[in-house]
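In this note's numbering, the protein residues as written are 29 to 187.
Notes follow the structure.
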């Protein structure tokens, strides 16, 4: 039962990260690029207190921690271990991508003195690559669902 609860919580948190990431692409990023530089200036003013990073800096490490915990509790479950390991690897890959690719573009768009040409290029790259990051997170979510299914099958057989 504890194994299923950990996996369920992991699915919820990774699903929340995915939902927020898709929302950011679908709504926020489109507004950021609507009329650069004024649209980014407006976004900078709007994000004066908190920004999407405030959510992701809490939720992404939590997703990774839960994915690690899920791997530990699924270690001896056939089929679940590989799925849980894949989910952990994909969540870590998403954060590596965030630090290496997205943070520098975020700085160009939201922190550095405004340079419209650089900001527009950063926004285009950010918008295109965020779909890749969403795909990684979707892969992690799918892998955790596979692990949860394997565990549920094991529980059903044991009954």
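For glycine and all other residues, C-beta sits at the position ideal for the given N, C-alpha and C.
(message) Using a Cβ-Cβ cutoff of less than 6 Å, which residues in the same chain neighbour residue 125 once the five nearest sequence positions on both sides are dropped?
(response) Numbered from 1 along the chain shown, position 97 holds the residue referred to as residue 125. The residues are 161.
(message) Measuring straight from C-alpha to C-alpha, what distance separates residue 31 and residue 106?
(response) Taking the first residue of the chain shown as 1, we reach residue 31 at position 3. Taking the first residue of the chain shown as 1, we reach residue 106 at position 78. Taking the straight line joining both Cα atoms gives about 14 Å.
(message) Rounded to the nearest angstrom, what separates residue 50 and residue 158 at their Cα positions?
(response) In the chain shown, the residue the question calls residue 50 occupies position 22. In the chain shown, the residue the question calls residue 158 occupies position 130. Near 8 Å, if we compare the C-alpha coordinates of residue 158 and residue 50.
(message) Just to confirm my understanding: we take residue 26, look at its own chain, exclude 5 residues before and 5 after, and list those with CB closer than 6 Å. What are they?
(response) This structure does not reach residue 26, given that the chain is present from 29 up to 187, and the question cannot be answered.
(request) Assuming residue 168 contacts residue 98 (C-beta within less than 8 Å), just tell me the rounded distance between them. (result) Here residue 168 refers to the residue found at position 140 of the chain shown. Here residue 98 refers to the residue found at position 70 of the chain shown. Their Cβ separation, rounded to whole angstroms, is 10 Å, which puts residue 168 and residue 98 out of contact at 8 Å.
(request) Could you pull out every residue in the same chain whose Cβ sits closer than 7 Å to the Cβ of residue 182, ignoring the five residues on either side in sequence? (result) Along the chain shown, read from residue 1 onward, the residue named residue 182 stands at position 154. Answer for residue 182: 105, listed in chain order.
(request) Go through its chain and collect everything with a Cβ distance to residue 146's Cβ below 7 Å, but skip five positions before and after it. (result) Start at 1 with the first residue of the chain shown, and residue 146 comes out as number 118. 136.
(request) Excluding the 5 residues preceding and the 5 following residue 71 in the sequence, name in chain order all residues of the same chain whose CB lies nearer than 8 Å to its CB. (result) By 1-based counting over the chain shown, the position of residue 71 is 43. Excluding residues within five positions, the ones whose Cβ falls inside 8 Å are 56, 59, 60, 137 and 138.
(request) Quick one: measure Cβ to Cβ for residue 154 and residue 178, integer angstroms, because I've assumed they're closer than 8 Å. (result) The count along the chain shown starts at 1 and reaches residue 154 at position 126. The count along the chain shown starts at 1 and reaches residue 178 at position 150. Wrong, their Cβ atoms sit about 36 Å apart, outside the cutoff.
(message) According to DSSP, is residue 187 part of a helix, a strand, or is it coil?
(response) Residue 187 sits at position 159 when you count from the first residue of the chain shown. Residue state, collapsed to three classes: coil.
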